[in-house]
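Undergrad:
2 protein chains.
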Amino acid sequence: MGDTQTGRPRGRRREADRNDERLMQAAREVFAELGWDAPVSEIARRAGIGMGSLYRRYPSKEMLAQRMRIVGMEQLVTQARTALAEEPDPWAAFARFLRDALSDQGAGGPLLPLVGGRLPATDEIVAAAARLRAALDDLVDGAHRAGVLRADFASADVPLLLEHLTARIPVTDERATALHLRYLDLILAGLRTSTTDGPTALQSPAPDWAELSELWNAPKK
Amino acid sequence: MGDTQTGRPRGRRREADRNDERLMQAAREVFAELGWDAPVSEIARRAGIGMGSLYRRYPSKEMLAQRMRIVGMEQLVTQARTALAEEPDPWAAFARFLRDALSDQGAGGPLLPLVGGRLPATDEIVAAAARLRAALDDLVDGAHRAGVLRADFASADVPLLLEHLTARIPVTDERATALHLRYLDLILAGLRTSTTDGPTALQSPAPDWAELSELWNAPKK
DNA sequence: CGGCACCGGAGAGGTCGATTCCTCTTCTCG
DNA sequence: CGAGAAGAGGAATCGACCTCTCCGGTGCCG
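Here the protein sequences come in this chain order: Y and L. Quick note on the numbering used here: the first sequence kicks off at 3 and runs consecutively. Quick note on the numbering used here: the second sequence kicks off at 3 and runs consecutively.
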């Protein structure tokens, strides 16, 4: 059945779908590298499609970015769930997720685009954020319960950490990713509970998800 | 004597000097928050001076930024030297320097501006970078020799770490600094040599100063 | 083979920012 | 005290650049 309902896309229609994928891909890369100010034309160029096609699919730059944010978050959710499912050890799952998120193997794009916050919050975005939160909670709670992750680390720290770790530095994508992973290793070392260290409590309070959503969404205009 | 030579600045001249300080201060803040694309007018606004005055002092935005980079680097050098002088314990000195650099107490500005690399390298910049390197080498070597800092951490990691840690997030300056310090604590925990952990070697190779200077300076045009 | 739906890309119109220019103020000095 | 220098301030200039629209060309279907 499945195929019968929508009909397997063929010809022109198939190209449109492929274009859409390339678009998301390109948008991820470009926004990650240049930030919100990246010219739309650059996205089109990298996707190998014309401006016309891009704007037919998404009515505005903002809509494009919104969609990309959702796709990005869903990708993180998938990576979190996969890590959880494939790694029996809670610490391994946690560490693997962070590494996957940074190297972003699935998408091929070198960086992940939590991107230009300060866009109006769509219902879809809110929903995606909720799913992301749930997934990260699972990951972090699991590690906490296993006693391998320092207790003063919250799940809301994860997106912020990723955002810090993906700081844009003007080197080749490959080297940038390598450096990101290097510093992730450092942070993982600091995150792991060690029975020897006592006085290493974090001094500033953890962020919570309310703070994150304020940070990600425009002040409800 | 001393005063006789230049004459203690008075009146208009004195105001000009004060303006210059405010300018550097404002530039630090604004560039730190908005990045290289920050409008010059915003810097002037925050410094409380007019565009005319700004442009009489610095012939272009680029020159202004260059000077600011030098001032920023010198400030880091001072902080490093101070930490080294005032903290007998190598680890304490190292940690204190990083904390100082992030909270930037001396300047009053909330963030430090390693800023928009990719500007042509002035001789002055090269010299300042060399002094910075020397200071950081001292700090890192001291900790290494004391055996309190993991061996695979290089002095060239310091500027990169700072750059990562100061990732711009759109919250109040105070909260941003708090979060930066939070993640610094995490990294410090990971940086400290612990005799218990073996398998935590960093996977990506350390950066070196040659890489940094490429990253900071425009490809000699 | 004709028509439709879609593609790519040049260009209109508008925003925004670096730099300049001109006016008004504050000192300095004879 | 008045003229002139040295600045201060900020509006106006001159482009650069970007988003989004419009249009001629092309491949696929019947």
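All C-beta atoms in this analysis are idealised placements derived from N, C-alpha and C, irrespective of residue type, glycine included.
Give the interface partners of ASP39(Y) over in chain L, defined as CB-CB distance under 8 angstroms, in chain order.
TA: By one-based count along the first sequence, residue 39(Y) stands at place 37. The answer, in chain order, is ASP39.
Undergrad: Give the interface partners of VAL173(Y) over in chain L, defined as CB-CB distance under 7 angstroms, in chain order.
TA: Translated into the one-based positions of the first sequence, residue 173(Y) becomes position 171. Going along chain L in sequence order, the residues near VAL173(Y) (Cβ under 7 angstroms) are LEU217.
Undergrad: In whole angstroms, what separates the C-alpha of ALA220(L) from that of ARG30(Y)?
TA: Numbered from its first residue, the second sequence carries residue 220(L) at position 218. Numbered from its first residue, the first sequence carries residue 30(Y) at position 28. Approximately 26 angstroms between the Cα atoms of the pair.
Undergrad: With a 10 Å radius around its C-beta and 16 neighbouring C-beta atoms as the bar for buried, classify PRO209(L) as buried or exposed.
TA: Residue 209(L) sits at position 207 when you count from the first residue of the second sequence. The residue is buried, with at least 16 neighbouring Cβ atoms inside 10 Å.
Undergrad: Out of curiosity, what's the CA-to-CA distance linking ALA130(L) and LEU86(Y)?
TA: As a working mapping, residue 130(L) is identified with position 128 in the second sequence. As a working mapping, residue 86(Y) is identified with position 84 in the first sequence. Near 48 angstroms, if we compare the C-alpha coordinates of LEU86(Y) and ALA130(L).
Undergrad: Is the beta carbon of LEU56(L) sitting closer than 8 angstroms to the one on ALA46(L)?
TA: Residue mapping note: residue 56(L) aligns to position 54 of the second sequence, counting from 1. Residue mapping note: residue 46(L) aligns to position 44 of the second sequence, counting from 1. Against a cut-off of 8 angstroms, the Cβ pair of ALA46(L) and LEU56(L) comes out as a contact.
Undergrad: I need the straight-line Cα distance from LEU167(Y) to TYR185(L), nearest angstrom please.
TA: In the first sequence, the residue the question calls residue 167(Y) occupies position 165. In the second sequence, the residue the question calls residue 185(L) occupies position 183. In a straight line, the C-alpha of LEU167(Y) is about 10 angstroms away from that of TYR185(L).
Undergrad: Would you tell me roughly how many angstroms separate the C-alpha atoms of ASP5(Y) and THR84(Y), rounded to the nearest one?
TA: One-based indexing of the first sequence puts residue 5(Y) at position 3. One-based indexing of the first sequence puts residue 84(Y) at position 82. Note that ASP5(Y) scores a pLDDT of 36, beneath 50, so its modelled location is shaky and nothing firm can be said.
Undergrad: Mind checking ASP125(Y): buried by the 16 CB within 10 Å criterion, or exposed?
TA: Within the first sequence, the letter at position 123 stands for residue 125(Y). When all chains shown are included, ASP125(Y) counts as exposed.
Undergrad: State yes or no: is the C-beta of LEU121(Y) within less than 8 angstroms of the C-beta of GLN68(Y)?
TA: Here the question's residue 121(Y) lines up with position 119 in the first sequence. Here the question's residue 68(Y) lines up with position 66 in the first sequence. Against a cut-off of 8 angstroms, the Cβ pair of GLN68(Y) and LEU121(Y) comes out as a contact.
Undergrad: Specify, as a first and last residue, the run of the alpha helix (DSSP H) that GLU64(L) falls within.
TA: Here residue 64(L) refers to the residue found at position 62 of the second sequence. Where GLU64(L) is concerned, the enclosing alpha helix (DSSP H) stretches over 63 to 88.
Undergrad: Taking its Cβ as the centre, do 16 or more other Cβ atoms sit within 10 Å of GLN81(Y), making it buried, or is it exposed?
TA: To locate residue 81(Y), count along the first sequence from 1; it is residue 79. Burial call: buried.
Undergrad: State the DSSP-derived secondary structure class of THR202(L), mapped to helix, strand or coil.
TA: Counting from one through the second sequence, the residue named residue 202(L) turns up at place 200. Reduced to three states, the DSSP call for THR202(L) is coil.
Undergrad: Could you confirm whether any beta carbon from chain Y is found closer than 8 angstroms to the beta carbon of GLN81(L)?
TA: On the second sequence, position 79 is the one that residue 81(L) refers to. Judged by the 8 angstroms Cβ criterion, GLN81(L) is not in contact with chain Y.
Undergrad: Between which two residues does the alpha helix (DSSP H) carrying GLU192(Y) extend?
TA: Start at 1 with the first residue of the first sequence, and residue 192(Y) comes out as number 190. Per the sequence shown, residue 192(Y) should be read as Gly rather than Glu. Element bounds for GLY192(Y): 175 to 193.
Undergrad: Hey, how far is the Cα of ASP140(L) from the Cα of GLN205(Y)?
TA: Within the second sequence, numbered from 1, the residue matching residue 140(L) stands at position 138. Within the first sequence, numbered from 1, the residue matching residue 205(Y) stands at position 203. ASP140(L) and GLN205(Y): Cα-Cα distance of roughly 27 angstroms.
Undergrad: Rounded to whole angstroms, what is the Cα-Cα separation between VAL73(Y) and THR179(L)?
TA: Taking the first sequence and counting its residues from 1, the one referred to as residue 73(Y) is at position 71. Taking the second sequence and counting its residues from 1, the one referred to as residue 179(L) is at position 177. Each residue's alpha carbon lies about 30 angstroms from the other.
Undergrad: Considering only C-alpha positions, which residue in the set GLU176(L), ARG170(L), VAL142(L) is nearest to VAL160(L)?
TA: If you number the second sequence from 1, residue 160(L) lands on position 158. Out of GLU176(L), ARG170(L), VAL142(L), VAL142(L) has the C-alpha closest to the C-alpha of VAL160(L).
Undergrad: What is the rounded straight-line gap between the Cα of PRO92(Y) and the Cα of LEU138(L)?
TA: Walking along the first sequence from the start, residue 92(Y) turns up at place 90. Walking along the second sequence from the start, residue 138(L) turns up at place 136. Taking the straight line joining both Cα atoms gives about 37 angstroms.
Undergrad: Is the beta carbon of VAL150(L) less than 8 angstroms from the beta carbon of THR195(L)?
TA: Working through the second sequence from its first residue, we reach residue 150(L) at position 148. Working through the second sequence from its first residue, we reach residue 195(L) at position 193. Going by C-beta atoms, VAL150(L) is nearer than 8 angstroms to THR195(L).
Undergrad: Is the CB of GLY9(L) under 8 angstroms away from at least one CB in chain Y?
TA: Within the second sequence, numbered from 1, the residue matching residue 9(L) stands at position 7. With a pLDDT of 41 at GLY9(L), under the threshold of 50, the predicted position of this residue should be treated as unreliable, though the coordinate-derived value follows. Not closer than 8 angstroms to any Cβ of chain Y, the Cβ of GLY9(L) fails to qualify, so no.
Undergrad: With a Cβ-Cβ cutoff of 8 angstroms, do LEU25(Y) and ARG59(Y) count as a contact?
TA: Here residue 25(Y) refers to the residue found at position 23 when the first sequence is read from its first residue. Here residue 59(Y) refers to the residue found at position 57 when the first sequence is read from its first residue. Contact flag set, yes.
Undergrad: Which residues in the same chain as ARG98(L) place their Cβ atom closer than 7 angstroms to its Cβ, once the five residues preceding and following it in sequence are excluded?
TA: Locating residue 98(L) in the second sequence gives position 96, where the first residue counts as 1. Counting only Cβ-Cβ distances below 7 angstroms, and skipping sequence neighbours, we find ALA85, GLU89.
Undergrad: So, using beta-carbon positions, are LEU217(Y) and ILE171(L) closer together than 8 angstroms?
TA: Looking up residue 217(Y) in the first sequence gives position 215. Looking up residue 171(L) in the second sequence gives position 169. Yes.
Undergrad: In its own chain, which residues sit with a C-beta less than 6 angstroms from the C-beta of ALA49(L), not counting the 5 before and 5 after it?
TA: Stepping through the second sequence from its first residue, residue 49(L) is reached at position 47. These residues qualify, in order along the chain: ARG24, LEU25, ALA28.
Undergrad: From which residue to which residue does the alpha helix (DSSP H) around LEU2(Y) run?
TA: Here chain Y has residues from 3 to 223 only, and residue 2(Y) is not among them.
Undergrad: How would you list, in chain order, the residues of chain Y whose beta-carbon sits under 7 angstroms from the beta-carbon of ARG120(L)?
TA: The residue given as residue 120(L) occupies position 118 in the second sequence. Under the 7 angstroms cutoff, chain Y gives PRO172.
Undergrad: Which residues mark the beginning and the end of the alpha helix (DSSP H) in which PRO92(Y) is found?
TA: Taking the first sequence and counting its residues from 1, the one referred to as residue 92(Y) is at position 90. That run of the alpha helix (DSSP H) goes 92 to 105.
Undergrad: What residues are listed by DSSP as bridge partners for ASN219(L)?
TA: To locate residue 219(L), count along the second sequence from 1; it is residue 217. Bridge partners of ASN219(L): LEU121(L).
Undergrad: Return helix, strand or coil for ILE135(Y), following the three-state DSSP convention.
TA: The residue labelled residue 135(Y) in the question sits at position 133 within the first sequence. Per the sequence presented here, residue 135(Y) reads as Arg, with Ile not at that position. Helix.
Undergrad: Buried or exposed: VAL32(L), going by 16 or more other Cβ atoms within 10 Å of its Cβ?
TA: Taking the second sequence and counting its residues from 1, the one referred to as residue 32(L) is at position 30. Per the 10 Å Cβ criterion, buried.
Undergrad: Hey, quick one: how far does the alpha helix (DSSP H) through GLY54(L) stretch, first residue to last?
TA: Taking the second sequence and counting its residues from 1, one reaches residue 54(L) at position 52. Segment 53 to 59, the alpha helix (DSSP H) holding GLY54(L).
Undergrad: Starting from ILE45(Y), trace the alpha helix (DSSP H) both ways and give me its first and last residue.
TA: As a working note, residue 45(Y) is residue 43 in the first sequence. Start and end: 42 to 49.
Undergrad: Among GLU64(Y), ASP175(Y), LEU163(Y), GLU44(Y), which residue has its Cα nearest to the Cα of LEU190(Y)?
TA: For the purposes of this step, residue 190(Y) is identified with residue 188 of the first sequence, where counting begins at 1. Ranking GLU64(Y), ASP175(Y), LEU163(Y), GLU44(Y) by Cα distance to LEU190(Y) puts LEU163(Y) first.
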